[in-house]
Amino acid sequence: MSGFSRLLSICAALLVTWAALLSTSFTPTAHAQEQSDAGGDSVVVIMTSGLEWTRFSAEGTPNLARLAADGTMANLVPLATRGGSCPVDSWLTISAGRQISSQSVALAATTDPIVPESGTEATVAHCPEPAAAASTRLRNWSVYQEAISNASTSATLGTLAGVLGEAGVTAQAIGTGAGYVMVNSDGSVPDTYISAPSDDDALAALVSESAKRSQLTVVDADKDTYSSDPVEQSLKSMTVPYVNAARIEAILEQLHSGTRVVVASLTTVGTSSAMQLAVVGDIGSDSNSSNSARPGISTGLAVSDSVRQEGVVQVPDLAPTLLSWLGVDPPATMQGSVLRSADVEGTGASVCEPNSVCFTERLTSLADQAEHSGHMRALRGQFFQLMTWSSIGFFLISLVLLVQPVWLRLQSHLWLAKGWSWLGMTIASLPLTSLVVNMLRWWDTGSPRVALIGGAWLLAGGVAVIGLNIRRIHPAAPLVLISALTSTALIIDTATGSRFMADSPIGFNLLTAARFYGVGNEAYAVIGAGSLMALAFLGMWIRDHGGQTALKKYCAVAVVGILGLCIAAIDAMPSLGADFGGALSYLPALLVLIFLIAKVRISVPRLLGIGAVTVVGAAAIAVADWMRPTQTRTHLGRFVQSVVDGDLWDVLIRKIETNLRLLVGSTHRWVVLAALLLLILALLQALRSVPAVDAAGAAIDKKWRPTWWNRVRMLVVGTWGWLGPRPGEPTAPLTQRMPALRAGLISVAVCMALAFLLNDSGIVLPGMAAILIVPLLVSLVLRDVVLRSDAENPAEADAN
């Protein structure tokens, strides 16, 4: 059997093991969908806006506090749409069972005559006040239909009303928002629609009567949140929550015992987005009789399979939850999941009183979570701006410092080179230390901005000091250590529920609602680049330590393959990383790395084979997720469903548009450009295996054609070629002394090139990989230059 055949056998065995590992994550969720017994009790949905746990008062809202104490509490993530959102967007989301557009379908531009004192007028976006009337088609219905048709060819507005009608469920809509939620598929408001009285007691009486005769009552209890004046809108954010809370109190006061109630604050009032209040409970439950307020409603903090963060739910979860309670199966087009209690020990998952410790703990947890998420939304962009522009500056200045005349001037001040290496290690450590800082409650300090950004940089500086010291052991020690620590920390967090990546700079922000769990794009880039680099050094060490043998080579392949597949599995599992694009880019890079370690020549047929294996493996993961129950699927299964529904082209178009938008607008494009300039012009010169300069350091003329290209080559080699080997030099070329460096860089390049092409975040991924790897590579090259100089001049080195 040839060496390549044996290698293929090992890879096949590893892939079988990987598939077996993945299969454990595709079993249906152990959480039974919580449904009420069909006892005739009604469900009332109370929609409002501006209510937050951070401003909740049990004394001011005793009925709501009683419902929350006996039921399930959560932070509700308002819809994240570009440019802001309106209540209409949330109402239509409940109607369709999914978000209908990434942009608001209700925002309108208006000319504001108040803002400028300069005499010019300003255009601001606002939410026009909607209207609804029984048996009348909603205004702008064609706009709403176009928006959802662009999002999905299978989803439709009016899905909730249609499913309820087919099941024979009686429903009543009260108030404008309820008319939108219960709209029919043709855009008409139900015949039974009733407008909401402005008087709180009159509204409460109307809802109470409806709850007695209808199985489902949807009520819009939002009194007044519409204004085109930003100043007035800001003032409303201080008054509307109290007005809306009073209406909810009046409604809860008159509801009969046994009524199941959902109170959901759907939208933020004011100019900044914030987590909203959500409560699910039963009126009149006996808090002392059992551990659940009623069959199907456990007490504590809520969670859903679509979010998987304790105490956090989203607007699309409401429709499938209502249908589940009413004994109706949610259709496959609905993207949310049924709400349930997290029922985790230590969260107070038992019925308690509003003035008891258990309720206070829940309330404090939700308010803290909302504060954390709000601060991260405000500061995440600032963190990335400082990190990316610092990286760009470091790359460009490094390009100048590595010019031979400049370096010769610095040789007498080696502390400058050491300081520059320290700065590079500091920048590379930021992804790791930002995760560590997120464990330390930075948002609960007097200055969250200083605590987050300053704390991360301070800790990164400490890691860099350690890196400076361990490079005495081996020049590549900082590169391996920081890469391994960063990727390991993120993988462990992914495997344990993404608790620390949630609302962290390197992870994801819950308020932006782009991802609620798993591995985001920035995190994957760091995991992929860091783990591949660390595995390259580990594999080469196993293969070459104490001399090369066939057994050591196969051991190296097996160890790297097993560890790499475990990382890929954690990243790809729908229940963990849920990163479909990650598997498509990581597995080919891992196989390339294995081939390099095994010294197998990489040819075009083998590359095609790698691609085929990757596509088949990734498709198997997605299909296995799709085969699970509809409400437990992740975005992998929903992607397969979109292919089945004929939405593949629309999905690809949206991803390409996002990729192009980031390519043009993201600062990561400058990170990648600066990193490529530094790599191609300078750092790759240090990785040459044969000299490009003569003994005097002058470029060797290879007489390339065309002539202009030869001049460019001579200029580049003459400027930075001294970093590579020179004839007669006692020290072997860097790639011969560290073959793992070449293998690691090739595999990282393959991974990031594929990630750029396959992921909708495109340029962000190679940008993050460059921030981790390139500064550490600069430090390695600077250290190598000093060591080579010492080897050539041992007497001078001893004197220093």
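First residue of the sequence shown? That's -16 in the numbering used here, and the numbers climb one at a time after it.
By construction, the Cβ of each residue, glycine as well, lies at the ideal position given by its N, Cα and C atoms.
Item to complete: Could you have a look at aspartate 265 and say whether DSSP puts it in helix, strand or coil?
Response: Counted from its first residue, the sequence shown places residue 265 at position 282. Aspartate 265: strand per DSSP, three-state reduction.
Worksheet entry | Start-end ranges of the alpha helix (DSSP H) lying completely within the region 486 to 545, minimum 4 residues | Taking only runs of at least 4 residues, the alpha helix (DSSP H) segments lying wholly in the region 486 to 545 are 504 to 527.
Worksheet item: For histidine 239, does the three-state DSSP call read helix, strand or coil?
Response: Position 256 of the sequence shown, counted from the first residue, corresponds to residue 239. Coil.
Worksheet item: Nearest to arginine 498 by CA position, among Asp562, Ala229, Leu728 and Gln155, is which residue?
Response: Within the sequence shown, residue 498 is the residue found at index 515, counting from 1. For the residues Asp562, Ala229, Leu728 and Gln155, the minimum Cα distance to arginine 498 belongs to Asp562.
Discussion item. Can you look up histidine 109 in the DSSP assignment and give me helix, strand or coil?
Written reply: The residue you call residue 109 lines up with position 126 of the sequence shown. Strand.
Worksheet item: leucine 415 by DSSP, collapsed to three states: which one?
Response: The residue labelled residue 415 in the question sits at position 432 within the sequence shown. DSSP places leucine 415 in helix when its eight states are reduced to three.
Worksheet item: Does DSSP put threonine 469 in a helix, in a strand, or in coil?
Response: By one-based count along the sequence shown, residue 469 stands at place 486. Threonine 469 falls in the helix class under three-state DSSP.
Worksheet item: What are the start and end residues of each continuous beta strand (DSSP E) run of 3 or more residues lying completely inside the region 136 to 215, in chain order?
Response: With a minimum length of 3 residues, the continuous beta strand (DSSP E) runs that stay inside the region 136 to 215 are 154 to 157 and 199 to 203.
Practice prompt. Measure the Cβ-Cβ separation of alanine 726 and leucine 576 and say whether it is below 9 Å.
Written response: For the purposes of this step, residue 726 is identified with residue 743 of the sequence shown, where counting begins at 1. For the purposes of this step, residue 576 is identified with residue 593 of the sequence shown, where counting begins at 1. Yes. Within cutoff.
Item to complete: Just tell me which of Met721, Ala302, Ala566 and Ala161 has its CA closest to the CA of valine 735.
Response: The residue you call residue 735 lines up with position 752 of the sequence shown. Per the sequence presented here, residue 735 reads as methionine, with valine not at that position. Out of Met721, Ala302, Ala566 and Ala161, Ala566 has the C-alpha closest to the C-alpha of methionine 735.
Practice prompt. Under 8 Å by Cβ, that's how I've got leucine 442 and threonine 416 pegged, so tell me the actual separation to the nearest angstrom.
Written response: In the sequence shown, residue 442 corresponds to position 459, counting from 1. In the sequence shown, residue 416 corresponds to position 433, counting from 1. Indeed they touch by this definition, with Cβ atoms about 4 Å apart.
Discussion item. Bridge partners for glutamine 297 per DSSP, in chain order?
Written reply: As a first step, residue 297 is located in the sequence shown; it is residue number 314 there, counting from the start. Glutamine 297 is bridged to Val60.
Practice prompt. Taking all protein chains shown into account, decide if serine 430 is buried (16 or more other Cβ within 10 angstroms of its Cβ) or exposed.
Written response: What you label residue 430 is simply residue 447 of the sequence shown in a count that begins at 1. An exposed status is given to serine 430, since fewer than 16 other beta-carbon atoms sit within 10 Å of its beta-carbon.
Worksheet item: I think alanine 581 touches valine 540, with their Cβ atoms under 8 Å apart; what is that distance to the nearest whole Å?
Response: Residue numbering aside, residue 581 sits at position 598 when the sequence shown is read from its first letter. Residue numbering aside, residue 540 sits at position 557 when the sequence shown is read from its first letter. So it is a contact: roughly 5 Å between Cβ atoms.
Discussion item. Within 10 Å of its beta-carbon, does arginine 392 have 16 or more other beta-carbons around it, so buried, or fewer, so exposed?
Written reply: Numbered from its first residue, the sequence shown carries residue 392 at position 409. It is exposed - the Cβ of arginine 392 has fewer than 16 other Cβ atoms within 10 Å.
Worksheet item: What is the DSSP secondary structure of arginine 291, counted as helix, strand or coil?
Response: Indexing the sequence shown from 1 puts residue 291 at position 308. The answer is coil: DSSP assigns arginine 291 none of H, G, I, E or B.
Discussion item. Any heavy atom of the ligand GDP inside 8 Å of the beta-carbon of leucine 759?
Written reply: For the ligand GDP, the structure offers nothing, since it holds no ligand at all.
Fill in: C-beta contact flag for methionine 422 and phenylalanine 367 at 9 Å
Here the question's residue 422 lines up with position 439 in the sequence shown. Here the question's residue 367 lines up with position 384 in the sequence shown. Going by C-beta atoms, methionine 422 is not nearer than 9 Å to phenylalanine 367.
Worksheet item: So the beta strand (DSSP E) leucine 284 belongs to, where does it begin and stop?
Response: By one-based count along the sequence shown, residue 284 stands at place 301. Bounds of the beta strand (DSSP E) holding leucine 284 are 283 to 286.
Practice prompt. Identify, in the order they occur along the chain, each residue of the same chain with its Cβ nearer than 7 Å to the Cβ of threonine 469, setting aside the five sequence neighbours on each side.
Written response: Position 486 of the sequence shown holds residue 469. A distance below 7 Å between beta-carbons, with the five flanking residues on each side excluded, links threonine 469 to the following residues of its chain, in chain order: Pro414, Leu415, Val509, Gly513 and Leu755.
Worksheet item: In the structure shown, what three-state DSSP assignment does arginine 49 receive?
Response: Residue 49 sits at position 66 when you count from the first residue of the sequence shown. It is helical.
Fill in: Residue range of the unbroken alpha helix (DSSP H) whose run includes valine 71
Taking the sequence shown and counting its residues from 1, one reaches residue 71 at position 88. Note, valine 71: alpha helix (DSSP H), 70 to 79.
Worksheet entry | Collapsed DSSP secondary structure at glutamine 82 in the structure displayed | In the sequence shown, the residue the question calls residue 82 occupies position 99. It is coil, neither helix nor strand.
Discussion item. Could you give the first and the last residue of the continuous alpha helix (DSSP H) run that contains valine 695?
Written reply: Position 712 of the sequence shown, counted from the first residue, corresponds to residue 695. In the DSSP assignment, valine 695 falls within the alpha helix (DSSP H) that extends over 690 to 703.
Worksheet item: Beta-carbon separation of alanine 57 and alanine 496 under 9 Å?
Response: Position 74 of the sequence shown, counted from the start, is the residue given in the question as residue 57. Position 513 of the sequence shown, counted from the start, is the residue given in the question as residue 496. In this structure, alanine 496 does not lie closer than 9 Å to alanine 57 by Cβ.
Practice prompt. Determine which residues share a DSSP beta bridge with threonine 250 and list them.
Written response: As a first step, residue 250 is located in the sequence shown; it is residue number 267 there, counting from the start. DSSP lists Ser32 as partners of threonine 250.
Discussion item. Just verifying my parser: in three-state terms, what is the DSSP assignment at threonine 55?
Written reply: Residue mapping note: residue 55 aligns to position 72 of the sequence shown, counting from 1. In the structure shown, threonine 55 sits in a strand (DSSP, three-state: E or B).
Item to complete: Return the chain-ordered list of same chain residues with a C-beta closer than 7 Å to the C-beta of alanine 517, the five sequence neighbours on each side being excluded.
Response: To locate residue 517, count along the sequence shown from 1; it is residue 534. For alanine 517, where only same-chain residues beyond five positions count, the Cβ hits under 7 Å are Val463, Ser466, Ala467 and Ser470.
Item to complete: Pick helix, strand or coil for glutamine 259, following the three-state DSSP scheme.
Response: In the sequence shown, counting from the first residue as 1, residue 259 sits at position 276. Strand.
Practice prompt. Enumerate, from N- to C-terminal direction, the unbroken alpha helix (DSSP H) stretches of 4 or more residues contained entirely within the region 696 to 757.
Written response: Listed in chain order, the alpha helix (DSSP H) runs fully inside the region 696 to 757 are 717 to 720 and 722 to 741, counting runs of at least 4 residues.
Fill in: Closest by C-alpha distance to valine 296, when choosing among Leu249, Glu42, Arg196 and Arg709
Counting from one through the sequence shown, the residue named residue 296 turns up at place 313. When only C-alpha atoms are compared, the closest one is Leu249.
Worksheet entry | Residue environment, valine 389, which counts as buried when at least 16 other CB atoms sit within 10 Å | Walking along the sequence shown from the start, residue 389 turns up at place 406. Only exposed fits valine 389, as fewer than 16 other CB atoms lie within 10 angstroms of its CB.
Item to complete: Label glutamine 365 either buried or exposed according to how many other C-beta atoms from any shown protein chain fall within 10 Å of its C-beta, with 16 as the threshold for buried.
Response: In the sequence shown, counting from the first residue as 1, residue 365 sits at position 382. By the neighbour-count criterion, in which a residue is buried when 16 or more other Cβ atoms sit within 10 angstroms of its Cβ, glutamine 365 is exposed.
Worksheet item: Would a C-beta distance cut-off of 9 Å place proline 749 and valine 655 closer than the cut-off?
Response: In the sequence shown, residue 749 corresponds to position 766, counting from 1. In the sequence shown, residue 655 corresponds to position 672, counting from 1. It is a contact, given that the beta carbons lie within the stated cut-off.
Worksheet item: Whose C-alpha, out of Val190, Leu385, Gln352 and Gly711, is nearest the C-alpha of alanine 679?
Response: Here residue 679 is taken as the residue at index 696 of the sequence shown, counted from 1. Considering only alpha carbons, the answer is Gly711.
Item to complete: Buried or exposed for tryptophan 36, please, with buried defined as at least 16 other CB atoms from any protein chain shown within 10 angstroms of its CB.
Response: Start at 1 with the first residue of the sequence shown, and residue 36 comes out as number 53. The residue in question, tryptophan 36, is buried, as its Cβ has 16 or more Cβ neighbours within 10 Å.
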